[in-house]
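Working notes, beginning with the structure itself.
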Amino acid sequence: MFNIQSVSAQLGNKTIHIETGKLAKQAGGSVTVRCGDTIVLVTAVVATKARVGIDFFPLTVDYVEKTYAAGKIPGGFFKREGRPTEKEVLTSRFIDRPIRPLFPDHFQNDVQVTALVLSADPENDPDVLAMVGASAALMLTGAPFQGPIAGCRIGRINGDWVLNPSAAQLEKSELEMIVAATKDAIVMVEGGGDEVSEEVMIEAILKAHQAMQPLLQVQVELASRAAKAKMEVVLPEVNQPLIDQVKQLAEQKLAVAIRIPEKQKRYQSMDEVKAETIKAIVTEGAEDEETKKAEVKAVFEDLKRTLVREMILKDNLRVDGRNLQQIRPIICEAGLLPRAHGSALFTRGETQAIVATTLGTEDDLQIIDTLMFNGHKNFMLHYNFPPFSVGEVRNMRSPGRREIGHGALAERAIRKVMPKGDFPYTIRIVAEILESNGSSSMATVCGASLSLMDAGIQIKAPVAGIAMGLIQEEGKTAILSDILGDEDHLGDMDFKVAGTTQGITAIQMDIKIQGLTHDLLKQALEQARVGRLHILSKMDEALTTHRKELSPYAPRVETLKIPKDRIREVIGTGGKVIRWIIEETGAKIDVNDEGLINIYSSDGEALAKAKQIIQFIVADPEEGKTYLGRVQKIMDFGAFVEILPGTDGLVHISQLADRRVERVTDILKEGDEVVVKCIGIDRDGKIKLSLKEAVGLVADIVPIRMPR
């Protein structure tokens, strides 16, 4: 019944097992990938027929986590998994990106890859295993997949490289990188570091590439045993007469149109040339009118691609008139939004982002409950890409995969410079892309840095980002700094690098050709470094450091540390005391299990009052201090007076007055408020108070009356 085939390979100090022939046998290709107790089932299905009338490769990748894999039941009201988590979306993206370029042009059969996590242990993240499984499964389908690829996570601790690091090791690592590669070249990079140098980044990528070689070899071995026959890819016939006709009609006009610097004017001019060409070739009302129009449009787009790439490679000139390394004009402004806690507008050429920072309290922490992590997140960056930013009309929907991916990249870049330790604020950054013509995610990074500084957050250093491009053809290569949307679409690489003056904090690379060599990688990173420093210098002109004062609308914070055994006094029975403090002052108060109390308010008086109340609640009596106390109980030998919440002291009958007192009730009665002086504290904690020594004195400690 089963024809099980399995292979194994070492990655670092762990073994990865790949098996096929047992699960999901009706899929075109199906494998399980295992490391430790983490198991991922990855399937690939390829449609037998091409989809008609499309001009893209219809690949779908879904990475799915179900909580049973970690022995958990979903939290919340609904006990079934809902929409994909951010981790699922990001993992789906970084599986898709390296395999998509490895299918031939004009292959338009639907391909679906599904990675389902079956078991997850806390030491082995399923994401990289899913990437390996996607490649192995595609190798078995017989699809024209030009793989295999492998994926590897790499870290660096105290100068030592760690392959396939655990979550605990990543906490200590100065960088975290996920690298995907074929046997000969790098195809994708995703990760970041603590301001690491370009040299260290290159070394990480090369170490990972070397470590993946056994994983690549065993996939070839598995395919030789279990793969289906290769599919025949039927390439479209080349209509050379139509190509020549379009070229004759459109080439000269299109060559002029592509050199118009402004995006909208350029697009309008190119559309006019296209319309003229279609009108000259296609007979209106003919039976094949729509088919012929589609053919002309496809040839026209190929001609445009050729002309743009030739202009760059031969003339070192780009569509907006820049040379290869030139950065577009930059304008930075901070403090635009009066009610936002921090804001900035970053404009680079025809790309513009307005970025707002909001300071919140611990109540605003994001709860994270995934297979690999349970806890809270106090820093979030959200990226939005409305249709008007590119002059389009379409429905506004919830963030798509691209928006989530861009936001995660920018968040990774900025997180590395955020304040460490017991930082009392939750911070949310929102980037609204107002115009887009290339590298809006990197504009978000720049705007986020300025917005944080405008909010008065003491980040370690400003961070800037730049997107690099590549044109490679017939032995010629051009690396482009600060690419436009057209250069991204028509080029061979989108390589984003973010960092400070000291080093790289985030990196993301996608390759449309079959890989990037070491020399090109080195050149691209160095060119990106030069561009990044230029952008940082422009940002410095707008805001050199963080504001000295927070926005008047941002919550201030006071932090107190109290003994753990006094926490219950601040909270009160059923939270009665802390609710009263909040109602009385209007401040927000967070108390953790270690006795750390954060008090938040944009009103300085409210902040001071809340702090004073808490300090009063947890205060210890001090010898020599005078207190305004309340008589709680009368005894024959004296009176018990409450001087602090829940803290009583004894005024002995001899300490009531300078004369002899026959009965305590001659001087005091229950409920009286009197000034008393602490004259001693016994070893067992008993407090001695004096009424007579406090005569004429003003109380040092005045009580704050709370509900009982």
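Each residue of the sequence shown is one higher than the last, beginning at 601 in this note's numbering. Here a beta-carbon is modelled for each residue, glycine too, at the ideal position from N, C-alpha and C.
Select from the options the residue whose C-alpha is nearest the C-alpha of residue i.
i, options, result
"residue 1222", "839, 1287, 717", "1287"
"residue 785", "766, 1300, 1289, 1113", "1113"
"residue 1058", "1097, 1090, 1072, 1016", "1016"
"residue 711", "1264, 645, 669", "645"
"residue 1195", "675, 920, 1022, 756", "1022"
"residue 707", "1084, 832, 1174", "832"
"residue 627", "738, 658, 875, 1190", "738"
"residue 694", "819, 730, 877", "730"
"residue 844", "877, 609, 776", "877"
"residue 1265", "1241, 1236, 1129", "1236"
"residue 894", "875, 908, 907", "875"
"residue 931", "919, 952, 697, 943", "952"
"residue 636", "615, 629, 863", "615"
"residue 1269", "1248, 1230, 1281", "1230"
"residue 705", "835, 1092, 1128", "835"
"residue 746", "677, 823, 757, 676", "823"
"residue 995", "987, 959, 1107", "987"
"residue 1119", "798, 865, 1131", "798"
"residue 756", "1294, 795, 1090, 892", "795"
"residue 944", "1033, 758, 1191, 653", "1033"
Checking 9 Å against the spacing of the C-beta atoms, do residue i and residue j come in under that value?
i, j, result
"residue 618", "residue 732", "yes"
"residue 780", "residue 742", "no"
"residue 1043", "residue 946", "yes"
"residue 1219", "residue 1187", "no"
"residue 1147", "residue 1202", "no"
"residue 1193", "residue 1167", "yes"
"residue 880", "residue 849", "yes"
"residue 917", "residue 1079", "no"
"residue 859", "residue 792", "no"
"residue 1069", "residue 800", "no"
"residue 1278", "residue 1233", "no"
"residue 1097", "residue 1065", "yes"
"residue 962", "residue 928", "no"
"residue 1267", "residue 1261", "yes"
"residue 569", "residue 936", "Because the chain here runs from 601 to 1308, residue 569 falls outside it and cannot be looked at."
"residue 1227", "residue 1244", "yes"
"residue 1200", "residue 1019", "no"
"residue 579", "residue 726", "One cannot answer for residue 579 here, as it falls past the ends of the chain, which runs 601 to 1308."
"residue 647", "residue 709", "yes"
"residue 964", "residue 1028", "yes"
"residue 782", "residue 816", "yes"
In its own chain, which residues sit with a C-beta less than 8 Å from the C-beta of residue i, not counting the 5 before and 5 after it?
i, result
"residue 602", "621, 622"
"residue 846", "877, 881, 896, 899, 900, 903"
"residue 970", "665, 685, 687"
"residue 1123", "1079"
What distance in whole Å lies between the Cβ atoms of residue j and residue i, which are believed to be in contact at a cut-off of 8 Å?
i, j, result
"residue 690", "residue 1008", "6 Å"
"residue 985", "residue 1039", "Their Cβ separation, rounded to whole angstroms, is 13 Å, which puts residue 985 and residue 1039 out of contact at 8 Å."
"residue 740", "residue 826", "6 Å"
"residue 1256", "residue 1291", "5 Å"
"residue 838", "residue 854", "About 20 Å; that fails the 8 Å criterion."
"residue 788", "residue 1110", "6 Å"
"residue 1026", "residue 1063", "At roughly 20 Å, the Cβ-Cβ gap does not stay under 8 Å, so residue 1026 and residue 1063 are not in contact."
"residue 1085", "residue 1037", "5 Å"
"residue 719", "residue 669", "5 Å"
"residue 1083", "residue 913", "Not a contact, Cβ separation roughly 15 Å."
Would residue i count as contacting chain D if we go by Cβ distances under 9 Å?
i, result
"residue 1236", "Here there is only one protein chain, and chain D is not present."
Whose C-beta lies closer than 6 Å to the C-beta of residue i among residues of the same chain, with five residues either side of it excluded?
i, result
"residue 612", "763, 764"
"residue 1213", "1181, 1304"
"residue 633", "618, 640, 729, 732, 733"
"residue 1030", "956, 982"
"residue 700", "659"
"residue 1302", "1228"
"residue 857", "869, 870, 873"
Return the chain-ordered list of same chain residues with a C-beta closer than 7 Å to the C-beta of residue i, the five sequence neighbours on each side being excluded.
i, result
"residue 1143", "934, 1050, 1053, 1054"
"residue 840", "none"
"residue 939", "1153"
"residue 766", "723"
Original post:
Of all the beta strand (DSSP E) runs that stay within the bounds of the segment 959-1018, which reach a length of 3 or more residues?
Top reply: 966-969, 974-977, 979-984
Original post:
Whole alpha helix (DSSP H) runs in the segment 1013-1062 with 4 or more residues, listed along the chain?
Top reply: 1040-1054
Original post:
Of all the alpha helix (DSSP H) runs that stay within the bounds of the segment 804-873, which reach a length of 4 or more residues?
Top reply: 840-857
Original post:
Can you list, in chain order, the stretches of the alpha helix (DSSP H) that have 4 or more residues and sit fully within the segment 1164-1213?
Top reply: 1167-1171, 1176-1185
Original post:
Which whole runs of the beta strand (DSSP E) in the segment 761-805 are 3 residues long or more, in chain order?
Top reply: 775-781, 786-796
Subject >> Ordered list of alpha helix (DSSP H) runs contained in the segment 922-966, each at least 4 residues >> reply: none
Subject >> Completely contained alpha helix (DSSP H) runs for the segment 641-702, where each covers 4 or more residues >> reply: 686-699
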